[in-house]
Structures are given as structure tokens and as C-alpha cells.
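Residue numbers (this note's numbering), protein chains in the order written: chain X, 2 to 377; chain D, 1083 to 1159.
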């Protein structure tokens, strides 16, 4: 039985009277399937890090929202996203990540593709020893490329290919953080990590969006970044989040050149809907991607980016490791609330929750955005 | 005395089992040469196709020459 159309006007209304998204948005596999088309396919979504494929001539398969995809970096360094299937019989092309010398050969009938996606040869397609046939138009049978865009070390995809250009979709965020459009440096394996969470993807984004929980869930912040030092990020675009005016970390890394005065003590943590939280600070940035596995389980992938390649050196190793441990600790502190809210969404009496009109604005913004997407 | 054809088949099977792509390129190209010498054009193109595919996959510099032979036979674009 279809649950749509669903009246979500109580979610999109003003925060004073609004309720949060209904339980079904967190527990119902039917809603999760509808989200795949209405939320995930239509928009630009964060899928991977550009450094997931660091070598030229390399392919990495991944499953994203149940779809078999692959990242391919060609011999010249261009990174593309393809559906990981042969155009002949739909066989999975790349089972394990690894180098690609010149062509990707389907293990079934050996149709072979260049790293650009072009279909290079179709063995025996016209009979034994004859690799051509008038009905086989190679130009129309290349790998199915997924529309993708790279920004700040993140690979975004638009699965249905119909979204506005990324620059338009994410224009508010791009404008707001244009000062950070500089080379970013990954600097070490310890700054890339992931966590598995028994919670719906939205709960991780909702939690990251607001500062209301900080003094309770992250008491370590109270000593230097009190609740009153935080503010909401409010834009018209698919974003929300929080900022602080007292960023002054104990660990001192080289700072980005040329930042404006705002960033001397300021830091911001915006969400770009649907599934990424980013951190903008004067010495390093981070990306926190939430990847849905099921309606009740998600993978959180984090990568830290530094302002200078100098931080890659052994002299900085201990500092890098302490920074990664610190961030991981913060994100792990959030897991119990995400998992707790997930369990709570099975309570039949929960009505989506009552918002604080002062503190929950980012959460409400996100809920309203999801509700509008699902109602469209 | 070992049958050369049987020895080639065994070497091909062994190369397949080992995933030895340079050997597969070389052995299938050799099989194509033997077929050509025997006047068996169909078999030649069959083996050339396999040599070409493994040359593409392994990045062998022989790929372009193998492609040219197939194209000259009207078997490749």
C-alpha cells in the first residue's frame, strides 16, 4: 500500500506549530524507497571523497543506495562515476578496486570499455572472430555515466541527471565559503575514517545541524565554546547549520591564507542537504558524509582537510593523529543520540516531536526541506 | 613427442588459471599465427580477438597491432 501522497503540511509549517517528520520517515522501508527517487535521485548528493581513488588508471566499485557504481580515474587523472554494469547483460564489471591498464573487460563475454566509458570492443558479437555487427552501435553503448561534480574534495552525484547545475543547487554554500576554495590536503590516512550507525540517515544530519545539544552531549565544549557562542546558519538554499564565534583550538595547524576577519575566531558547520555536514575553520576543514544503508542503518564517512601540505610531514604526525582522535571522539559522542532517536521512532505515540522555536530552527529547516521534496 | 597444438592448449589453460595476461596475449597471438599458416581464417580471427582483448586489458603495446589485423579482416571497427 502506498503511503503517498502524505499530508506533511504540519512539518512544513512555521516552527512555532510545526511537528517533525513522522516515524515512518525513519522506520518504514516504503518511505525509504520513495526517498531514493524523490530525495536522493533528484538532488546533488555527496557520495565519496575524491581521494577514494588517488591513482591514475584506477577503479573502485561501491554500492550507493543499492546501486552498483564505480569511481574511475583515467590515465590523465579525470575522475568519473559510472554505473558498474556491462551494457550487454548487466554484469558487474569491477568486483574489487584496483588498477586499470587500458580497458575494463567484462568478465562474462569480454565486452571491453575504455576508462572514458567508451565501448572499445565487443568480442564475437557478430559470430566467432567477428567483433562487429551493424546492430551494435558502440557509440550508444558506452558505460552509463552518472552526473558528478567535485568540490572541496567531495564527489557529488545527481543520479537522475535532472538537477540544476551544482553551482546553482549549492550556490548559497559556494558563495558563503568561497574563501575556502583553495588547495586542500588530506595529509594522512588517520584523517579519513568511518562509523556505522544504527540510525536513519536523517537523524545524523539533524543532529549535526543544531548546537542545542552541544553542552549536553559534548560537555568538553563548555569550557571554550559555550552554547551562547553559537548561532544558526540560515539561508534560502538546501542548507542549514550552526556556527561559532570562539574557534580557538588547542592544536595549532597552519592556517589558510587570505581568509577574512570573520574566520579569525569563527567557524561554521553547514549541512548541504541531503547528506553532508561540512566544517569550515581557519586551519582545517572536514566533510562528514552520511550514506544510507537501510532505513535504520547508515554509514558516516569523515575526512579532514588541512590548509598546507606541510602537515603531511612526520613532524605533524602526532598532531594530526590527536586531531583525528579528537574529531572522531566528537562524532562518536553523537552516535548514542542518533541510535537513541532511531529506537524512539518505533514508539507509536511519537508525533514527530515539538520544536524549540529558538534552538531547533536548523532541524526544522531540514525537516521542511525533506517534506517538500517528498511532497513534490 | 608432444602434440604442439595440445601443448599450446595446455599453456593457454595454465595462463588462464594464473591470470597471466601477457602470456595470454602472446599465446593467443601465436595460436592466431598457427591458424593463419594453416589457412584457417575463422580460427585466426577468433584467436586474434582473444589476444586483442587481453592486450587491451593488460595495457599491452601489442593491442594496436592486433586491432589493425582484425580491422584488416573486417572483424573490428
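Glycine included, each C-beta is placed from N, C-alpha and C at the ideal position.
For residue 206 of chain X, the uninterrupted alpha helix (DSSP H) segment begins and ends at 202-210. Within the region 355-369 of chain X, no residue has its Cβ closer than 7 Å to any Cβ of chain D. Among the residues of chain X, those whose CB is under 9 Å from the CB of residue 1157 of chain D are 127, 130, 131, 132, 133, following chain order. Contacts between residue 124 of chain X and chain D, judged by CB atoms closer than 7 Å, involve 1131, 1135 in chain order. The Cβ atoms of residue 179 of chain X and residue 170 of chain X lie no closer than 8 Å to each other. Going by beta carbons, residue 1146 of chain D and residue 1107 of chain D fall outside the 8 Å limit. Pairing residue 191 of chain X with residue 257 of chain X, the inter-Cα distance amounts to about 21 Å. With fewer than three CB-CB distances shorter than 8 Å, the region 62-81 of chain X does not count as touching the region 1090-1110 of chain D.
Spanning the alpha carbons of residue 110 of chain X and residue 141 of chain X requires a straight line of approximately 18 Å. A direct Cα-Cα distance of roughly 9 Å separates residue 38 of chain X from residue 44 of chain X. A Cβ of chain D is located within less than 8 Å of the beta carbon of residue 104 of chain X.
Across the structure, residue 76 of chain X and residue 103 of chain X are spaced so that their CA atoms are roughly 8 Å apart.
In the same chain as residue 1125 of chain D, and ignoring 5 residues on each side of it, the C-beta atoms closer than 6 Å to its own belong to 1117, in chain order.
Excluding the 5 residues flanking it on each side, residue 51 of chain X has same chain C-beta neighbours closer than 8 Å at 80, 151, 154, 155, 156, in chain order.
Per the DSSP secondary-structure output, residue 196 of chain X pairs in a beta bridge with X:301. Sixteen is the threshold: since fewer than 16 other Cβ atoms of the shown chains lie within 10 Å of the Cβ of residue 310 of chain X, the residue is exposed.
As summarised for the region 274-354 of chain X, the continuous beta strand (DSSP E) elements at least 3 residues long and confined to that stretch are 277-281, 285-295, 298-307, given in chain order. Counted as a single uninterrupted DSSP element, the stretch harbouring residue 1085 of chain D is not any beta strand (DSSP E), since DSSP gives it neither H nor E. Taken residue by residue, none of the region 1106-1118 of chain D has a beta-carbon sitting less than 9 Å from a beta-carbon on chain X. Bounds of any beta strand (DSSP E) do not take in residue 143 of chain X, whose DSSP letter is neither H nor E.
The contact set of residue 111 of chain X on chain D, defined by CB atoms closer than 7 Å, consists of 1135 in chain order. Using a C-beta cut-off of 8 Å, the region 271-278 of chain X makes contact with the region 198-209 of chain X, since at least three inter-stretch Cβ pairs fall below that distance. Taking the Cα positions, residue 243 of chain X is about 52 Å away from residue 122 of chain X. Bounds of any alpha helix (DSSP H) do not take in residue 89 of chain X, whose DSSP letter is neither H nor E. Taken atom to atom, the span from the alpha-carbon of residue 354 of chain X to that of residue 136 of chain X is near 59 Å. Straight-line spacing of the CA atoms in residue 228 of chain X and residue 16 of chain X works out to 20 Å.
Secondary-structure assignment with DSSP links residue 64 of chain X through a beta bridge to X:69. By the C-beta density criterion, residue 337 of chain X is exposed, having fewer than 16 other C-beta atoms within 10 angstroms.
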